[in-house]
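J.: So for the sequence shown, our numbering puts the first residue at 30; every next one is plus one.
Don't be surprised by glycine CBs; every beta carbon is placed ideally from N, CA and C.
As the structure is a prediction and not an experimental result, all values here were calculated from the model.
Please find one structure pasted underneath; my questions will follow.
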Amino acid sequence: MTIANKASSKFASLRTTIPMSNVRQWKLKDGDKLDWEWKVIEGQMHS
Numbered sequence: 030m031t032i033a034n035k036a037s038s039k040f041a042s043l044r045t046t047i048p049m050s051n052v053r054q055w056k057l058k059d060g061d062k063l064d065w066e067w068k069v070i071e072g073q074m075h076s
């Protein structure tokens, strides 16, 4: 589970932390860009 935190006191954007297990599994590094996919299934938002 990740927790979304307020990114700035001036804006309504949020940021999150990727668990280290996922960083290792996906071989992520600082500056990598992630492409998120969201789906609505039976009226519920899913990623």
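Can you give me the Cβ contacts of Lys68 inside the same chain, cut-off strictly under 8 Å, excluding the 5 residues immediately before and after it?
T.: The count along the sequence shown starts at 1 and reaches residue 68 at position 39. Excluding residues within five positions, the ones whose Cβ falls inside 8 Å are Met74, His75, Ser76.
J.: What does Ile70 pair with, by DSSP beta-bridge criteria?
T.: Here residue 70 corresponds to residue number 41 of the sequence shown, with the count starting at 1. In DSSP, Ile70 forms a bridge with Gln73.
J.: Just confirm the distance between the C-beta atoms of Asn51 and Leu43, as a whole number of angstroms; I'd bet it's less than 8 Å.
T.: Numbered from 1 along the sequence shown, position 22 holds the residue referred to as residue 51. Numbered from 1 along the sequence shown, position 14 holds the residue referred to as residue 43. Not quite, the Cβ-Cβ distance comes to about 18 Å (not below 8 Å), so this is no contact.
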